[in-house]
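The sequence shown begins at 1 in the UniProt record's numbering and counts up one residue at a time.
By construction, the Cβ of each residue, glycine as well, lies at the ideal position given by its N, Cα and C atoms.
Note sheet for the following structure.
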Amino acid sequence: MFTISRAAKATLAACAALAVSSAFAHPKLVSSTPADKSAGAAPARIELHFSEALVPQFSGANLVMTAMPGMADHGAMKVTAKISGADEGKTMVITPAQPLVPGAYRVDWRAVASDTHVVNGNVAFDVK
1 MFTISRAAKA TLAACAALAV SSAFAHPKLV SSTPADKSAG AAPARIELHF
51 SEALVPQFSG ANLVMTAMPG MADHGAMKVT AKISGADEGK TMVITPAQPL
101 VPGAYRVDWR AVASDTHVVN GNVAFDVK
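As structure tokens, this is what we get:
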């Protein structure tokens, strides 16, 4: 007759709990292009790379110009952009409708994966 020791049972239970918790992990922003708090030339597109595939119907982003050189009282202004996915749903791509002019920008993003929990964040960058 085959019996499982208490230590083996505890190990199996721990592995099962770990597998279940990782299956319900929230999406995390792994990296972005341009990088957060970076400065450089105007990107043709902004890429947000996440730890897991997103649900497109519930995920999205807004591109906002937060400051413009020479305009002290420049309020936040939404920039028209197309949002799409890539990399089997792990990458959100924001493509501005027009080339970005010099100024400060912020991408406010919302990510939802299969666990259906909403995770929000932002990435800021400057265009020189």
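- In this structure, the straight-line span from the alpha carbon of Ala53 to that of Glu47 is close to 14 angstroms.
- In the three-state reduction of the DSSP assignment, Asp87 falls in the helix class, which pools H, G and I.
- Residue nearest to Thr80 within the set Ala67, Val93, Asn62 is Asn62 (criterion: CA-CA distance).
- Around the CB of Thr116, fewer than 16 other CB atoms lie within 10 Å, so the residue is classed as exposed.
- Annotation note: the UniProt domain "CopC" (26 to 127) contains the following uninterrupted beta strand (DSSP E) runs of length 3 or greater, listed N- to C-terminal: 29 to 33, 38 to 40, 46 to 50, 60 to 67, 77 to 79, 81 to 86, 91 to 96, 103 to 112, 118 to 127.
- In this structure Val101 is exposed. Its beta-carbon is surrounded by fewer than 16 other beta-carbon atoms within 10 angstroms.
- The beta carbon of Phe58 is closer than 8 angstroms to those of Arg110, Val112, Thr116, Val118 in its chain, skipping five residues each way along the sequence.
- With contact defined as three or more Cβ pairs closer than 8 angstroms, the region 32 to 39 and the region 64 to 84 are not in contact.
- Setting aside the 5 residues that flank it on each side, Val123 is surrounded in the same chain by Ser32, Asp36, Val107, each with a C-beta closer than 6 angstroms to its C-beta; the list follows chain order.
- Distances from the alpha-carbon of Ala25 to those of Ala44, Ala39, Ser51 put Ser51 closest.
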